[in-house]
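Chain order of the listed sequences is A and B.
Under the UniProt record's numbering, the first residue of the first sequence carries the number 1, and numbering increases by one thereafter.
Under the UniProt record's numbering, the first residue of the second sequence carries the number 1, and numbering increases by one thereafter.
Glycine included, every Cβ here is placed at the ideal spot set by N, Cα and C.
Read through the structure below, which is laid out as C-alpha cells, and then see the notes.
Number of protein chains: 2
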Amino acid sequence: MKKSSHINILKGNIVHTETSKLFNISKNGYIVVQGNCIEGVYDKLPERYKNIEIEDYGDKLIIPGFVDLHTHAPQFAIKGIGYDKELIPWLETYTFPEEAKFIDKAYAEKIYKEFVNELYNQGTTRAVIFGTIHEESTEILMDLLEEKGISSYVGKVNMDRNCPDTLKEDSNESIKKTIKWVENCSGKYKFVKPIITPRFVPSCTGYLMEELGKIAEKYNLPVQSHLSENPSEIEWVKELHPDCKNYGDVYDKYNLFGQTKTIMAHCVHLTDEEIATIKKNEVVIAHCPTSNVNLSSGISPISKLLKKDVQIGLGSDISGGETLNMFAVMASTIKMSKLRSVCFKEEEKPLTIPEVFYLATKGGGRFFGKVGSFEEGYEFDALVIDDDNLWKVSKGSIEERVERLIYFGCEKNIINKYLSGKVLN
Amino acid sequence: MKKSSHINILKGNIVHTETSKLFNISKNGYIVVQGNCIEGVYDKLPERYKNIEIEDYGDKLIIPGFVDLHTHAPQFAIKGIGYDKELIPWLETYTFPEEAKFIDKAYAEKIYKEFVNELYNQGTTRAVIFGTIHEESTEILMDLLEEKGISSYVGKVNMDRNCPDTLKEDSNESIKKTIKWVENCSGKYKFVKPIITPRFVPSCTGYLMEELGKIAEKYNLPVQSHLSENPSEIEWVKELHPDCKNYGDVYDKYNLFGQTKTIMAHCVHLTDEEIATIKKNEVVIAHCPTSNVNLSSGISPISKLLKKDVQIGLGSDISGGETLNMFAVMASTIKMSKLRSVCFKEEEKPLTIPEVFYLATKGGGRFFGKVGSFEEGYEFDALVIDDDNLWKVSKGSIEERVERLIYFGCEKNIINKYLSGKVLN
Numbered sequence: 001m002k003k004s005s006h007i008n009i010l011k012g013n014i015v016h017t018e019t020s021k022l023f024n025i026s027k028n029g030y031i032v033v034q035g036n037c038i039e040g041v042y043d044k045l046p047e048r049y050k051n052i053e054i055e056d057y058g059d060k061l062i063i064p065g066f067v068d069l070h071t072h073a074p075q076f077a078i079k080g081i082g083y084d085k086e087l088i089p090w091l092e093t094y095t096f097p098e099e100a101k102f103i104d105k106a107y108a109e110k111i112y113k114e115f116v117n118e119l120y121n122q123g124t125t126r127a128v129i130f131g132t133i134h135e136e137s138t139e140i141l142m143d144l145l146e147e148k149g150i151s152s153y154v155g156k157v158n159m160d161r162n163c164p165d166t167l168k169e170d171s172n173e174s175i176k177k178t179i180k181w182v183e184n185c186s187g188k189y190k191f192v193k194p195i196i197t198p199r200f201v202p203s204c205t206g207y208l209m210e211e212l213g214k215i216a217e218k219y220n221l222p223v224q225s226h227l228s229e230n231p232s233e234i235e236w237v238k239e240l241h242p243d244c245k246n247y248g249d250v251y252d253k254y255n256l257f258g259q260t261k262t263i264m265a266h267c268v269h270l271t272d273e274e275i276a277t278i279k280k281n282e283v284v285i286a287h288c289p290t291s292n293v294n295l296s297s298g299i300s301p302i303s304k305l306l307k308k309d310v311q312i313g314l315g316s317d318i319s320g321g322e323t324l325n326m327f328a329v330m331a332s333t334i335k336m337s338k339l340r341s342v343c344f345k346e347e348e349k350p351l352t353i354p355e356v357f358y359l360a361t362k363g364g365g366r367f368f369g370k371v372g373s374f375e376e377g378y379e380f381d382a383l384v385i386d387d388d389n390l391w392k393v394s395k396g397s398i399e400e401r402v403e404r405l406i407y408f409g410c411e412k413n414i415i416n417k418y419l420s421g422k423v424l425n
Numbered sequence: 001m002k003k004s005s006h007i008n009i010l011k012g013n014i015v016h017t018e019t020s021k022l023f024n025i026s027k028n029g030y031i032v033v034q035g036n037c038i039e040g041v042y043d044k045l046p047e048r049y050k051n052i053e054i055e056d057y058g059d060k061l062i063i064p065g066f067v068d069l070h071t072h073a074p075q076f077a078i079k080g081i082g083y084d085k086e087l088i089p090w091l092e093t094y095t096f097p098e099e100a101k102f103i104d105k106a107y108a109e110k111i112y113k114e115f116v117n118e119l120y121n122q123g124t125t126r127a128v129i130f131g132t133i134h135e136e137s138t139e140i141l142m143d144l145l146e147e148k149g150i151s152s153y154v155g156k157v158n159m160d161r162n163c164p165d166t167l168k169e170d171s172n173e174s175i176k177k178t179i180k181w182v183e184n185c186s187g188k189y190k191f192v193k194p195i196i197t198p199r200f201v202p203s204c205t206g207y208l209m210e211e212l213g214k215i216a217e218k219y220n221l222p223v224q225s226h227l228s229e230n231p232s233e234i235e236w237v238k239e240l241h242p243d244c245k246n247y248g249d250v251y252d253k254y255n256l257f258g259q260t261k262t263i264m265a266h267c268v269h270l271t272d273e274e275i276a277t278i279k280k281n282e283v284v285i286a287h288c289p290t291s292n293v294n295l296s297s298g299i300s301p302i303s304k305l306l307k308k309d310v311q312i313g314l315g316s317d318i319s320g321g322e323t324l325n326m327f328a329v330m331a332s333t334i335k336m337s338k339l340r341s342v343c344f345k346e347e348e349k350p351l352t353i354p355e356v357f358y359l360a361t362k363g364g365g366r367f368f369g370k371v372g373s374f375e376e377g378y379e380f381d382a383l384v385i386d387d388d389n390l391w392k393v394s395k396g397s398i399e400e401r402v403e404r405l406i407y408f409g410c411e412k413n414i415i416n417k418y419l420s421g422k423v424l425n
C-alpha cells in the first residue's frame, strides 16, 4: 500500500470481531481507509485527518462484509423445496436433475443472474461457489460475479462415478476440461478465481481425485469439497475406500486436503483423527447449519472445533440451505449450537453472538487473506446497516442491535457495501 | 346460519388440511362462503351459484388464517434479544423488568399498538395472548385487538410468589382484580374474550391457583399457562409441590387442566403419565419451537404427540420466540422435528409439510371452534397469498409453492385477509 493512496473516512457505529471472544465496538467512531485497506478505527479522529471529508453514517452500523464459504449457484432455483429427503436421495431426486439443465447456457445465464443478484443484495462480499460440471456455464457464472464485483472462488465441478449419465464425465475428459478451464480463467478476472472442485468422494474415482490434486498443485489452486455431512454418505465412502482411515483421509491421499488452501463443507460427523488432520493441514471448515438441519444431516460440533482452534467460516449451502441471507445463517448457527448442547448434554456451550459474527466475517475471511475484520492492514469490505425498522419502540445497545439484526436482518437493512476499499454499486 | 345469508365466492388455488396427513388442494378452485361460514370448496362451480359474482384471485393461493395459540404481548419490545439465558434467569433478567413497565398505561398502549399491528400484518386471525398482571393495561390490549378485528383470548396474568415486588400480587387482591376484570370484559367485545392466566406454577401459590380454578369454572372461562418447558423449571415445581405426581398434576389439582378449555404452552419434557392426563382432559398443547430453541429448552416430541392424537397448535411465544411470523414458526417446527429425529435416533419421523400446516391452522383453530380449515360449516378465516416474488424463475407445483412459502413467507406475501367470512381491513 503506497502512502499516497486515497484516504476515505467513514463515521458510524463500527462493529467487528478481532477474535471470536468479543465484539470490538466503536460507538460513533471513525474508520480510516487508505486505498484498499484499513488504516485504523478510532473513537476520536486523529488530528492528521482533520482536513479529510468524512462520510457520516450517523447512528447506522458499519460491519464487515459477509463471507459465504460454501454455496451451490446452480441449485438456486430449487431452494426452499424438496427437504423431505436426506443427502443422497435428495441429490438423486432434486439436485442432479436440476444441475443437468446447466448444459444449456441460456438456462445457466438465467439462473446464475438471479443467484448473483441475490448474493449481492444479501451483502455477501466474498464467496466460494460450486458451479456444475459444465465449464462454459461455469464461466458464465464467473463473468456475472466479476461484473458485480463480488470477490469469489468458483469451481467447475468434477464427477465421474455414481451419478446420472447426464452428469457423469469421462475421467480423462474431466481432467482435460478442467485444465482448459483453469488456463482459460487465468488472468481473465479481477475479482473471480478458479477453485478445484471434486464434488465429493462418492462421485469421484481415485484416478480423477489424484489428477485433480496434481492440477491444484501445478497451478497452485485452492480446493473445495464436501466432508462427513451425513451418516449414510460416510458409510458409503468407507465401502468405496476401505484402505483409507476415514473420509478426510481419502482427500488427503490425493493431495486435496490442505496441500493447497482447502475448504471442506459440513464436517458434521468428524472423528478425532479427522479433526487432528484438519488442524494439522490447515483445512478450513465451511459450517452450513441451515443445510445440516434441512437435510437432517445433524449438528456440527462448532463450539468444540473453535476451542481446538480449527479455522471455520459459514456457508449458506444453497440449496441444502434455503437462503443466501447470512444474518439468517448466523441465527441458524446459534440455534443449532443451543440444540447440540441441549440434546447431547455435552460440555460444549452454545455459541455466543460474537462467535457467530466472527464466523460470518473474519472466520471465513481468512480464506481470502486479511479479510473480514477492521484491523489495520485488512482489506476494507464493509456493510452499512440501517436497522431503524427493527426498533419501532426505542433502540437498544449496539450489542442488542447486532443480536436483533442476526435474527431479523435482511437485504433491506443493507444500505451500502464496500469491497476492498471501494463502494460496490 | 340462515339460508338467506349473503354468499361470497372466491376463486384461486385453495389449500387447507382437513387432517394432518395431506393437503386438500383445489387448483383454480372455488370456495363458497355463506354468511360467516364455508358452504363448500369446488373444483367446478355448481350451477346454482352461476349468477353470483366471483372474487377471482387468479393464480394466488388461498389458505386458512393463522392461529397463534401462545404469545406474550408485553414482551414485544424485547423480541430478538437476550437469548443468552435459559428460562428462569431469562425471566428474571429480561422479562420481568420489561413486564413491570406495563403499570404505565401510556407505555402499554405504545407497545401493544406495535404488537397488534404486527400480529395483524403477519396474517394471524386468531390468537391466545398473555398480558401482564395489570388489568387496566390488559384491557388496553383487548381494546386494540377488538379494533383490528382479531379474534382472540387475552389473559390478565396472575402471580403471587417468586417474582420481583414490582410484579408480585397480594393473593386476595389478585383474585379480586381478576373477578372485576372478567366481569368488566363480559359483553364488552365482539372478537376478544378473557382467559384465566396463572403465569406458571412457580409464580402462583396453591391458594391462588385454587381460586383461579373456581373463577374459570364459575364464569366458564378457558385457561392458559406454561407446562414443562425447561428442566430446571420442572425440578423447581417438584420442590414446590412434592405432593403432586408431576408438573401437570399441579394444575389438575386446582382444576386448571382441562376442567374448562385449557392451553398449556411448551410441553417439552412431558412424562407418559402427563401425556395421558393431557389426552384424557383434552388439554391443548401450544408448541413453541422458536422459543424452545432460543431459551435452550429442548425439542418437544410433536410427532409422537400427534400420533397419540393429542390436540396441538403452534405458538409464536414472543419474546422467547423472536417472531410473530407464523410461516417462520412453521419452518422452525419442521426443523426442530428433524433435529429431534437426528439427535435422539428415536422412531419419530420428522414432521411433514402438511403436518406443520395443519398445526398452524386447524390444529390451533379447534380451540376456537370450527376454525382453521375450509370444510363445510367452518368459519371462513383466510389469507390470500401472492408468492410471485418467491418464484423468479418458474413456479413449482402448489405443494412446492406452499413449502417455499413456509421457508420464506412474510407479511408482504399476504394481500388479503378474511375473518369469519368478512374481509379484515
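Residues sharing a beta bridge with residue i, DSSP
i         : result
Met-159/B : DSSP, once it has assigned bridges, lists no residue as partnering Met-159/B.
Pro-97/A  : Pro-97/A is not bridged to any residue.
Arg-126/B : Val-67/B, Ser-151/B
Ile-9/B   : Val-32/B, Ile-54/B
Lys-180/A : Paired residues: none, contrary to the question.
Tyr-358/B : Paired residues: none, contrary to the question.
Gly-321/B : Ile-318/B
Distance between residue j and residue i (C-alpha atoms, nearest Å)
i         : j         : result
Pro-194/A : Met-326/A : 23 Å
Glu-147/A : Cys-410/B : 31 Å
Val-310/A : Cys-267/A : 12 Å
Lys-245/A : Tyr-251/A : 11 Å
Glu-282/A : Arg-199/B : 52 Å
Val-15/B  : Met-159/A : 41 Å
Ser-4/A   : Gln-34/A  : Reliability fails at Ser-4/A, whose pLDDT of 48 lies under 50, so the model's placement of it is uncertain and the value that follows must be treated cautiously. About 9 Å.
Asn-121/B : Ile-414/B : 8 Å
Leu-419/A : Glu-92/A  : 37 Å
Lys-370/A : Cys-37/A  : 9 Å
Leu-295/A : Gly-320/A : 7 Å
Lys-345/B : Asp-272/B : 19 Å
Glu-109/A : Arg-340/B : 40 Å
Asp-43/A  : Ala-382/A : 18 Å
Leu-270/A : Gly-29/B  : 51 Å
Close-in-space but distant-in-sequence residues of the same chain around residue i (CB under 6 Å, 5 per side omitted)
i         : result
His-287/B : Ser-300, Ile-302, Ile-312, Leu-314
Pro-202/B : Asn-162, Trp-236
Gly-213/B : Tyr-254, Asn-255, Leu-256
Lys-2/A   : In this predicted model, Lys-2/A has a pLDDT of only 44, less than 50, meaning its place in the structure is not dependable; the value taken from the coordinates is given anyway. If we look at Lys-2/A and ignore the five residues flanking it on each side, it has no Cβ neighbours.
Thr-361/B : Pro-64, Gly-372
For residue i, the nearest candidate out of the options (CA to CA)
i         : options                                    : result
Phe-102/B : Thr-124/B, Glu-118/B, Asn-121/B, Glu-135/B : Glu-135/B
Glu-379/A : Glu-39/A, Val-223/A, Gly-29/A              : Glu-39/A
Ile-263/B : Pro-222/B, Glu-233/B, Asp-272/B            : Pro-222/B
Leu-10/B  : Phe-23/B, Gly-365/B, Leu-45/B              : Leu-45/B
Thr-17/A  : Glu-347/A, Ile-234/A, Gly-29/A, Pro-64/A   : Pro-64/A
Asp-388/A : Glu-47/A, Arg-48/A, Gly-58/A               : Gly-58/A
Ala-331/B : Lys-338/A, Thr-323/A, Val-342/A            : Thr-323/A
Phe-96/B  : Thr-205/B, Lys-50/B, Leu-167/B, Glu-114/B  : Leu-167/B
Nonlocal neighbours in the same chain, by C-beta distance under 7 Å from residue i, ignoring five residues either side
i         : result
Gly-131/B : Ala-73, Pro-74, Ser-137, Thr-138, Leu-141, Val-154, Gly-155, Lys-156, Val-157
Tyr-189/A : Met-142, Glu-146
Tyr-94/B  : Ile-78, Gly-82
Leu-351/A : Ile-302, Ser-303, Thr-333, Ile-334, Ser-337
Pro-354/B : Thr-17, Ser-20, Lys-21, Leu-22, Phe-23
Presumed contact (8 Å Cβ cut-off) between residue i and residue j, rounded CB distance
i         : j         : result
Leu-69/A  : Val-116/A : The Cβ separation is near 17 Å, so there is no contact.
Thr-277/B : Gly-248/B : 6 Å
Phe-76/A  : Ile-111/A : 5 Å
Close-in-space but distant-in-sequence residues of the same chain around residue i (CB under 8 Å, 5 per side omitted)
i         : result
Asp-165/B : none
Lys-308/A : Ile-275, Lys-279
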